[in-house]
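This report refers to the structure that appears directly beneath it.
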Amino acid sequence: MKKQKISWIVLSIFMCFSFIGIAQNPIIRNQYSADPSARVFGDRVYVYPSHDILSTEGKGRKDWFCMEDYHVFSSDNLIDWTDHGMIVQQNKVPWVRPDSYSMWAPDCIERNGKYYFYFPSTPKDTITYGKGFTIGVAIADKPSGPFIPESNPIKGVKGIDPNVFIDKDGQAYLYWSSRDIFGAKLKANMLELDSEVKILGDLPSKGLKEGPYVFERNGIYYMTYPHVENKIERLEYAISDNPLGPFKVMGTIMDESPTGCWTNHHSIIEFKNQWYLFYHHNDYSPTFDKARSVRADFLTFNLDGTINKVIPTLRGIGVTSAVNEIQMDRYSNISEKGTSIAFVDAVDTFKGWKTVLSQSNAWIEYNTVDFGKKRLKSVTVKALSSTGGILQIRTNGINGTVIAEVKIPVSTTWQDIKVPVKKFESGIQNVSVQLTDNNKQVEVDWISFE
Numbered sequence: 248m249k250k251q252k253i254s255w256i257v258l259s260i261f262m263c264f265s266f267i268g269i270a271q272n273p274i275i276r277n278q279y280s281a282d283p284s285a286r287v288f289g290d291r292v293y294v295y296p297s298h299d300i301l302s303t304e305g306k307g308r309k310d311w312f313c314m315e316d317y318h319v320f321s322s323d324n325l326i327d328w329t330d331h332g333m334i335v336q337q338n339k340v341p342w343v344r345p346d347s348y349s350m351w352a353p354d355c356i357e358r359n360g361k362y363y364f365y366f367p368s369t370p371k372d373t374i375t376y377g378k379g380f381t382i383g384v385a386i387a388d389k390p391s392g393p394f395i396p397e398s399n400p401i402k403g404v405k406g407i408d409p410n411v412f413i414d415k416d417g418q419a420y421l422y423w424s425s426r427d428i429f430g431a432k433l434k435a436n437m438l439e440l441d442s443e444v445k446i447l448g449d450l451p452s453k454g455l456k457e458g459p460y461v462f463e464r465n466g467i468y469y470m471t472y473p474h475v476e477n478k479i480e481r482l483e484y485a486i487s488d489n490p491l492g493p494f495k496v497m498g499t500i501m502d503e504s505p506t507g508c509w510t511n512h513h514s515i516i517e518f519k520n521q522w523y524l525f526y527h528h529n530d531y532s533p534t535f536d537k538a539r540s541v542r543a544d545f546l547t548f549n550l551d552g553t554i555n556k557v558i559p560t561l562r563g564i565g566v567t568s569a570v571n572e573i574q575m576d577r578y579s580n581i582s583e584k585g586t587s588i589a590f591v592d593a594v595d596t597f598k599g600w601k602t603v604l605s606q607s608n609a610w611i612e613y614n615t616v617d618f619g620k621k622r623l624k625s626v627t628v629k630a631l632s633s634t635g636g637i638l639q640i641r642t643n644g645i646n647g648t649v650i651a652e653v654k655i656p657v658s659t660t661w662q663d664i665k666v667p668v669k670k671f672e673s674g675i676q677n678v679s680v681q682l683t684d685n686n687k688q689v690e691v692d693w694i695s696f697e
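With our numbering applied, the sequence shown corresponds to residues 248 to 697, in that order.
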């Protein structure tokens, strides 16, 4: 019995703290996730997303957003992400209707050593709180929890998408949305409003606005938000010299999804002198855009403080170690013909993607791979081919140095093919894989060096 108890403890720890892979988009790979609120606490980045699940009979609204809990994820290098497990769930929040499945976009902020997690949902007591969404708070001593929900939501707040900003003078502000975007000061206890609610004007009047996220840089206050100008959301921003405006609309941070994902929701942080945009897309669920996944890409500013438009990538952020599995399908560059990306398993999309090379000289490239200083002697390619074929692996781009040549055998199952590295090049490199044969097709899951 004692041994069994110990094993359950070990299992519980494993379930609560699991490693979910490396920083390629999407960055969260063990579940659906959306609406990421990224925060820098100490020397780590913590991401607080909403958690999409698929509705079933009696569980949520069919073909709509369905969310019942929250997880938190963290990384100290933006490469390796840890899932710290569930931090808040609907049936353990006193004021939330337990069958609402409406735990939508959250936020988290630190003040005086406490961590305040803000989240919207629908209340079970509609007489006291009214119908529709309101916003509550859960408090923890650590950014990973455990979080203890307050018994009641914040008085005077009706809406979704809470965002909290603390100015340099220590004043905290709460923002939220309900068709318009609203803002108000918070008391020092972070649990009560300390001013009248203000509708933040001078933002686009046409189309849905939601998901406010405010930050300050070089004396400029940035109000960023998703906005439906046409049919689906794009990310836009406005600026002000005051946290509550008035704001001047400046432009677009990210265009509408090219594949039609109706929502986007984001956050912006600076970490180790680099700015990042966290957002979401329906990568694992391309035919159903209510099951989304968190992404991250670099964000840059011009000298006048304006934001350069972010082009979403599959490669994402971070430096990938050559000794890890390099998912070539999260490419930084790709040949115009003969290269395509597909799911490894169309039924279980969380198994990820594969690269399909189907034409002579078809290639794919993955940038920013760290080969270190110590010589790596071999490369392994996980591949599948009904025809067989020869792959060339290069560094320094598609026209760079051939460091290995891999003969892929005919097979109906995935094979790990290991060959020597002919030439080693240290440091940060771009890696490419190219098919050299005519009338061949090779599928590649990943490559890795040792």
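Using N, Cα and C, we set each Cβ at its ideal position, and we do this for glycine too.
Top-ranked residue by Cα proximity to VAL404, from PHE380, ALA285, ALA609: For the options PHE380, ALA285, ALA609, the alpha carbon positioned closest to that of VAL404 is the one of PHE380.
Contact test: LYS478 Cβ vs the ligand NAP heavy atom, cutoff 6 Å: Of ligands this structure carries none, so the ligand NAP is not represented either.
PHE394 versus LYS378: straight-line alpha-carbon distance, rounded: Rounded to whole angstroms, the gap between the alpha carbons of PHE394 and LYS378 is 26 Å.
Extent of the continuous alpha helix (DSSP H) run through TYR526: From DSSP, TYR526 is part of no alpha helix (DSSP H) but of the beta strand (DSSP E) over 521–528.
Cβ-based burial, ASN529 [other Cβ within 10 Å; buried from 16]: Taking every protein chain shown into account, the CB of ASN529 has 16 or more other CB atoms within 10 angstroms, so this residue is buried.
Same chain only: Cβ atoms within 8 Å of TRP351, ignoring 5 sequence neighbours per side: Residues ASP282, SER297, PHE312, MET314, PHE366, PRO367, SER368, PHE380, ILE407, ASP408 of the same chain have their beta carbon placed closer than 8 Å to that of TRP351, with the five preceding and five following residues left out of the count.
Test: SER487 CB closer than 7 Å to a CB of chain B: Here there is only one protein chain, and chain B is not present.
Those residues which DSSP pairs with ASN410 across a bridge: The bridge partners DSSP lists for ASN410 are TYR422.
3-residue-minimum beta strand (DSSP E) runs that sit fully inside the region 279–336, ordered along the chain: With a minimum length of 3 residues, the unbroken runs of beta strand (DSSP E) contained wholly in the region 279–336 fall at 281–288, 291–297, 316–322, 329–336.
Other residues of its chain near ILE256: CB distance less than 7 Å, five sequence neighbours each side excluded: In this prediction, ILE256 has a pLDDT of 35, which is less than 50 and means its spatial position is unreliable; what the coordinates show is noted afterwards. Closer than 7 Å at Cβ, skipping near neighbours: no residue.
TYR376, DSSP secondary structure in three states: Here TYR376 sits in helix by DSSP.
Supposed close pair VAL362, PRO345 - CB separation, criterion 8 Å: Looking at the sequence provided, one finds Tyr at residue 362 rather than Val. Actually they are not in contact, since the Cβ atoms of TYR362 and PRO345 sit about 24 Å apart, beyond 8 Å.
Per-residue DSSP class, three states only, for THR699: Since the first residue of the chain shown is 248 and the last is 697, residue 699 is not available in this structure.
DSSP-derived helix/strand/coil call for ASN338: Reduced to three states, the DSSP call for ASN338 is helix.
Alpha-carbon to alpha-carbon, TRP342 and ASP372: Near 7 Å, if we compare the C-alpha coordinates of TRP342 and ASP372.
Residue span of the beta strand (DSSP E) that contains ILE655, given as start and end: Counting along the chain, the beta strand (DSSP E) containing ILE655 begins and ends at 648–655.
Reference SER504, options HIS512, TYR523, ILE515, ARG481, closest by Cα: Of the listed residues, the one whose Cα sits closest to SER504 is ARG481.
Per DSSP, cross-strand counterpart(s) of ALA569: BP columns for ALA569 are empty, so no partner.
Check whether LYS601 and GLU690 have beta carbons under 7 Å apart: At the C-beta level, LYS601 and GLU690 come within 7 Å of one another.
Assigned secondary structure, TRP693 (DSSP; H/G/I helix, E/B strand, else coil): Judged by DSSP in its simplified three-state form, TRP693 adopts strand.
Reference SER487, options ASN465, GLY507, THR499, LYS478, closest by Cα: The candidate whose alpha carbon is nearest that of SER487 is ASN465.
Residue closest to ASP427, alpha-carbon to alpha-carbon, out of MET437, GLY448, ALA485: Nearest to ASP427 by C-alpha distance, out of MET437, GLY448, ALA485, is GLY448.
Unbroken beta strand (DSSP E) run spanning TYR698, endpoints: In the structure displayed, the chain extends from 248 to 697; residue 698 sits before or after that span and is not available.
CB of VAL444 within 7 Å of CB of ALA431, strictly: The answer is yes: Cβ separation under 7 Å.
Exposure of PRO370, with buried meaning 16 or more beta-carbon neighbours within 10 Å: In the assembly as shown, PRO370 is a buried residue. Its beta-carbon has 16 or more other beta-carbons within 10 Å.
Where VAL340 falls, given that 16 or more other Cβ within 10 Å makes a residue buried: In summary, VAL340 is buried, with 16 or more beta-carbon neighbours lying within 10 Å of its beta-carbon over all protein chains present.
Helix, strand or coil at ASN580 according to DSSP, with G and I counted as helix: Strand.
Beta carbon of SER673 nearer than 7 Å to that of PHE618: Going by C-beta atoms, SER673 is nearer than 7 Å to PHE618.
Inter-residue Cα distance where the pair is ASN511 and ASN555: In this structure, the straight-line span from the alpha carbon of ASN511 to that of ASN555 is close to 18 Å.
Bounding residues of the beta strand (DSSP E) (the contiguous stretch that carries TYR613): From DSSP, the beta strand (DSSP E) with TYR613 extends over 610–617.
Beta-carbon contacts of THR567 that lie in its chain and below 8 Å, excluding the five residues immediately before and after: Answer for THR567: ILE269, ALA270, GLN271, ILE326, ILE573, TYR613, THR615, VAL616, ASP617, listed in chain order.
Pick from SER322, TYR472, LYS478 that is closest to TYR484, judged by C-alpha positions: Among SER322, TYR472, LYS478, the Cα nearest to that of TYR484 is on TYR472.
TYR295 and VAL319 closer than 7 Å at C-beta: For the pair TYR295 and VAL319, the CB atoms are nearer than the 7 Å cut-off.
Sequence-distant residues of the same chain with beta carbon closer than 6 Å to SER212, five excluded per side: The shown model of the chain, from 248 to 697, leaves out residue 212, and the question about it has no answer.
ARG622 classed as buried or exposed, judged by whether at least 16 other C-beta atoms fall within 10 angstroms: Exposed is the label assigned to ARG622, since fewer than 16 other Cβ atoms lie within 10 Å of its Cβ.
Backbone secondary structure at HIS474 - three-state DSSP: HIS474 falls in the strand class under three-state DSSP.
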